[in-house]
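In this text, residue positions in the sequence shown follow this note's numbering: the first is 791, and each later residue adds one.
Structure record follows, encoded as structure tokens.
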Amino acid sequence: MESAKNNKVYSFLKEKRASKRIDFDLEIMYPRINDKNVNNPSGDPIMRALNISEAGICISSDIPLKKGDFLDILLSIKGSPSFTAIMEIKWVGYDDKTFLAGGEFLCLTMDQINTIRSFVNKSLES
Numbered sequence: 791m792e793s794a795k796n797n798k799v800y801s802f803l804k805e806k807r808a809s810k811r812i813d814f815d816l817e818i819m820y821p822r823i824n825d826k827n828v829n830n831p832s833g834d835p836i837m838r839a840l841n842i843s844e845a846g847i848c849i850s851s852d853i854p855l856k857k858g859d860f861l862d863i864l865l866s867i868k869g870s871p872s873f874t875a876i877m878e879i880k881w882v883g884y885d886d887k888t889f890l891a892g893g894e895f896l897c898l899t900m901d902q903i904n905t906i907r908s909f910v911n912k913s914l915e916s
């Protein structure tokens, strides 16, 4: 499986995820890591979502995250009210000058899961 982002091609030997994912661009301004607020004095986003599925999200980050960290962000999906998404970081990496991390969503309501699922499915259809 290949994914293109920012003129780079990322290759994965085998897709491990059961849920389909799509490219997803979202600036993350005020995350909470392990129940501590993190912000950038310049006002620039600290993190950016790269892709999403109903089970989790991949982000790039200006600050390092560790496997097992808990991350709390405001998730805004087109056409739906924003909601808080809490996730556990399952993997971390580094690419050029940014940290990468994959988070598995925790404690989403069925409405929130269905919002993400519907968004992913509509994006795959177009």
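Ideal Cβ positions, reconstructed from N, Cα and C, are used throughout, including at glycine.
Where the alpha helix (DSSP H) containing residue i begins and where it ends
{"i": "Glu-915", "result": "900-915"}
Through-space distance from residue j to residue i, alpha-carbon basis
{"i": "Ile-842", "j": "Asp-901", "result": "16 Å"}
{"i": "Thr-899", "j": "Ile-863", "result": "15 Å"}
{"i": "Glu-915", "j": "Asn-904", "result": "16 Å"}
{"i": "Val-910", "j": "Trp-881", "result": "22 Å"}
{"i": "Ile-906", "j": "Pro-835", "result": "22 Å"}
Integer-rounded CB distance, given that residue j should sit under 8 Å from residue i
{"i": "Ile-876", "j": "Ile-849", "result": "That belief does not hold up - the Cβ atoms of Ile-876 and Ile-849 are roughly 14 Å apart, past 8 Å."}
{"i": "Phe-860", "j": "Glu-878", "result": "6 Å"}
{"i": "Phe-814", "j": "Leu-840", "result": "7 Å"}
Which of helix, strand or coil DSSP assigns to residue i
{"i": "Leu-840", "result": "strand"}
{"i": "Tyr-884", "result": "strand"}
{"i": "Ser-870", "result": "coil"}
{"i": "Asp-815", "result": "strand"}
Beta strand (DSSP E) segment containing residue i, residue limits
{"i": "Gly-846", "result": "846-851"}
Residues that DSSP places opposite residue i in a beta bridge
{"i": "Ala-891", "result": "Ile-849, Val-882"}
{"i": "Lys-826", "result": "Ile-823"}
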